[in-house]
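Visitor: In this note's numbering, the protein residues as written are 1 to 407.
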Ligand code: F6P
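(1) Classify residue 55 as buried or exposed, calling it buried when 16 or more other Cβ atoms lie within 10 Å of its own Cβ.
(2) Between which two residues does the alpha helix (DSSP H) carrying residue 308 extend?
(3) Run through DSSP, which three-state label would residue 345 get?
(4) How many angstroms separate the CA atom of residue 324 from the CA atom of residue 371?
(5) Cβ of residue 128 within 6 angstroms of any heavy atom in ligand 1?
(6) Going by Cα to Cα distance, which pick from 237, 204, 264 is closest to residue 226?
(7) List, from N- to C-terminal side, the beta strand (DSSP E) runs of 3 residues or more that fit wholly inside the segment 121 to 154.
(8) If I measure Cβ to Cβ from residue 351 and keep anything under 7 angstroms in the same chain, skipping five residues before and after, which residues do I get?
(9) Is there contact here, the segment 34 to 46 with the segment 1 to 13, by at least three beta-carbon pairs under 8 angstroms?
(10) Less than 6 angstroms between the CB of residue 139 and some heavy atom of ligand 1, yes or no?
(11) Is the CB-CB distance between residue 173 and residue 326 below 7 angstroms?
(12) Mind listing, in chain order, the continuous alpha helix (DSSP H) runs of no fewer than 4 residues lying wholly within the segment 249 to 300?
(13) Residue 375 and residue 134: beta carbons closer than 7 angstroms?
(14) Let me confirm a value: residue 269 is counted as buried when at least 16 other C-beta atoms fall within 10 Å, else exposed. Which label applies?
(15) Can you name, in chain order, every residue of its own chain whose Cβ lies under 6 angstroms from the Cβ of residue 191, other than the five neighbours on each side?
(16) Between which two residues does the beta strand (DSSP E) containing residue 316 stretch?
(17) Can you name the start and end residues of the beta strand (DSSP E) that residue 360 belongs to?
(18) In this structure, does DSSP put residue 4 in helix, strand or coil?
(19) I'd like the list of long-range same chain contacts for residue 131, defined as Cβ closer than 8 angstroms, with 5 residues on each side in sequence excluded.
(20) Within the same chain, show all residues whose beta-carbon is closer than 6 angstroms to that of residue 330, passing over the 5 residues directly before and after it, in chain order.
(21) Between residue 1 and ligand 1, is the CB less than 6 angstroms from at least one heavy atom?
(22) Is residue 198 near ligand 1, in the sense that its beta carbon is under 6 angstroms from a heavy atom of that ligand?
(23) For the beta strand (DSSP E) containing residue 177, name the first residue and the last one.
(24) If you draw a straight line from the alpha carbon of residue 186 to that of residue 224, how long is it in whole angstroms?
(25) Return yes when the C-beta of residue 155 is under 6 angstroms from any heavy atom of ligand 1, and no when it is not.
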């Protein structure tokens with residue numbers, strides 16, 4: 001048996017741990033003819049026409065993974081088999097008719113499944129986020145392909161699991177920055193707007209924001225009002241004697257329509273609506289550079305600046321975009337162990353012939369869930385305790401000390 005494994009989408013700390021987990025389970029099986037094949041660059045090879053898959057191309061995209069060659073692979077960052085955002089279902093974006101769409105989905109799914117034989121694999125483990133797992137789910141649904149998947153993403157936005165691997169390493173990196181930036185913010189009495197990855201899910205921002213005690217926390221799930229959620233809070237904080245301020249802002253946070261019209265000169269609703277999309281149709285929210293836009297608008301606030309001076313505080317604003325530093329480096333303990341468990345269990349499902357499954361962390365256990373259902377997206381629930389704590393932190397942090405004692 002030859003089991004393929006591929007890593008797709010944006011990289012996340014723990015990718016290599018999943019590969020190592022799968023290798024460990026395969027090795028434990030001690031069957032001579034069980035081989036693990038790394039399929040390089042995500043779904044890219046699946047976008048080729050079958051006739052173009054020459055032995056030379058196949059050789060370029062596949063590699064036998066031997067456990068002996070990859071000692072302690074789970075401790076390493078990145079992915080040894082590379083990743084890409086290739087989407088074999090890309091052409092579907094233009095198909096509006098539902099029946100035609102279904103037919104095309106089946107066609108593409110079957111075409112992809114037919115490549116197993118050409119690539120010399122009997123089954124496949126796809127490791128990725130909602131886009132990568134969504135492709136695996138469509139292959140399973142439309143062509144009954146022998147495929148399982150493991151949920152990855154620093155964004156933690158997959159419905160089928162409590163946590164994706166990569167999330168806690170990334171949340172820690174963001175928290176470190178939010179913690180550390182307070183020293184320079186303090187020294188200069190500055191406002192820092194720190195932009196945190198996470199596309200359209202605010203998990204990274206809410207976790208790092210509350211963990212570091214950021215003063216204002218802006219999530220994609222709830223469009224913000226610049227006046228109420230930023231200017232008024234900064235004013236109250238200056239009035240309460242605070243000399244520096246940290247704004248944790250998700251790259252996907254956007255102002256309400258009303259606020260854009262009333263408060264923004266450097267972006268319009270059209271800029272947001274017309275953002276370019278990636279091959280999976282996701283708007284490239286990072287291109288908005290919302291932290292930069294907030295900073296520019298803040299710099300223009302003469303009244304607030306004068307109020308800060310009256311409170312004996314400087315009024316200087318800077319922005320920092322964490323960007324890809326949030327995905328960089330080695331996985332932390334949690335993501336190493338979670339990655340190992342996901343890979344180990346996914347290989348187990350493959351060996352049992354239990355296809356169409358996503359490995360899922362439920363409490364402390366790893367369980368198989370339906371791949372199609374599990375690959376759906378999850379965002380922060382605005383009625384959750386996390387959001388309640390976020391609001392409580394922000395509210396407390398603009399009260400004066402006297403005010404807090406009185407309560
Ligand atoms: O989905 C993971 C993620 O890191 C998002 O948080 C971010 O918006 C996106 O990937 C960035 O993608 P790329 O690496 O293609 O620039």
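Glycine included, C-beta positions come from ideal geometry on N, C-alpha and C.
Guide: Put simply:
(1) By one-based count along the chain shown, residue 55 stands at place 55. Counting Cβ neighbours within 10 Å, residue 55 comes out exposed, since fewer than 16 surround it.
(2) Indexing the chain shown from 1 puts residue 308 at position 308. Looking at the DSSP string, the run of the alpha helix (DSSP H) that includes residue 308 is 302 to 310.
(3) For the purposes of this step, residue 345 is identified with residue 345 of the chain shown, where counting begins at 1. In the structure shown, residue 345 sits in a helix (DSSP, three-state: H, G or I).
(4) Residue numbering aside, residue 324 sits at position 324 when the chain shown is read from its first letter. Residue numbering aside, residue 371 sits at position 371 when the chain shown is read from its first letter. Each residue's Cα considered, the two are about 28 angstroms apart.
(5) Indexing the chain shown from 1 puts residue 128 at position 128. Every heavy atom of ligand 1 is 6 angstroms or more from the Cβ of residue 128, so no.
(6) The sequence position of residue 226 within the chain shown is 226, counting from 1. Residue 226 has its Cα closest to that of 264, out of 237, 204, 264.
(7) 123 to 128, 147 to 151
(8) Sequence index remark: in the chain shown, residue 351 carries index 351 (1-based). Counting only Cβ-Cβ distances below 7 angstroms, and skipping sequence neighbours, we find 29.
(9) yes
(10) Here residue 139 corresponds to residue number 139 of the chain shown, with the count starting at 1. Every heavy atom of ligand 1 is 6 angstroms or more from the Cβ of residue 139, so no.
(11) For the purposes of this step, residue 173 is taken as residue 173 along the chain shown, with counting starting at 1. For the purposes of this step, residue 326 is taken as residue 326 along the chain shown, with counting starting at 1. Their beta carbons are under 7 angstroms apart, which means residue 173 touches residue 326 by this criterion.
(12) 257 to 263, 269 to 273, 290 to 299
(13) Sequence index remark: in the chain shown, residue 375 carries index 375 (1-based). Sequence index remark: in the chain shown, residue 134 carries index 134 (1-based). For residue 375 and residue 134, yes; Cβs fall inside 7 angstroms.
(14) The residue labelled residue 269 in the question sits at position 269 within the chain shown. Classification for residue 269: exposed.
(15) The sequence position of residue 191 within the chain shown is 191, counting from 1. Correct list, in chain order: 245, 317.
(16) What you label residue 316 is simply residue 316 of the chain shown in a count that begins at 1. Note, residue 316: beta strand (DSSP E), 316 to 321.
(17) On the chain shown, position 360 is the one that residue 360 refers to. Looking at the DSSP string, the run of the beta strand (DSSP E) that includes residue 360 is 357 to 362.
(18) Taking the chain shown and counting its residues from 1, one reaches residue 4 at position 4. It is a strand residue.
(19) As a position in the chain shown, residue 131 is number 131, starting the count at 1. For residue 131, where only same-chain residues beyond five positions count, the Cβ hits under 8 angstroms are 8, 9, 85, 87, 280, 282.
(20) Taking the chain shown and counting its residues from 1, the one referred to as residue 330 is at position 330. Only 77 meet the Cβ criterion.
(21) Numbered from 1 along the chain shown, position 1 holds the residue referred to as residue 1. Residue 1 Cβ: outside cutoff for every heavy atom of ligand 1.
(22) Residue mapping note: residue 198 aligns to position 198 of the chain shown, counting from 1. Residue 198: yes, Cβ under 6 angstroms from ligand 1.
(23) To locate residue 177, count along the chain shown from 1; it is residue 177. Per DSSP, residue 177 belongs to no beta strand (DSSP E); it is in the alpha helix (DSSP H), 167 to 188.
(24) The sequence position of residue 186 within the chain shown is 186, counting from 1. The sequence position of residue 224 within the chain shown is 224, counting from 1. C-alpha separation (whole angstroms): 26 angstroms.
(25) Along the chain shown, read from residue 1 onward, the residue named residue 155 stands at position 155. Yes - ligand 1 has a heavy atom lying nearer than 6 angstroms to the Cβ of residue 155.
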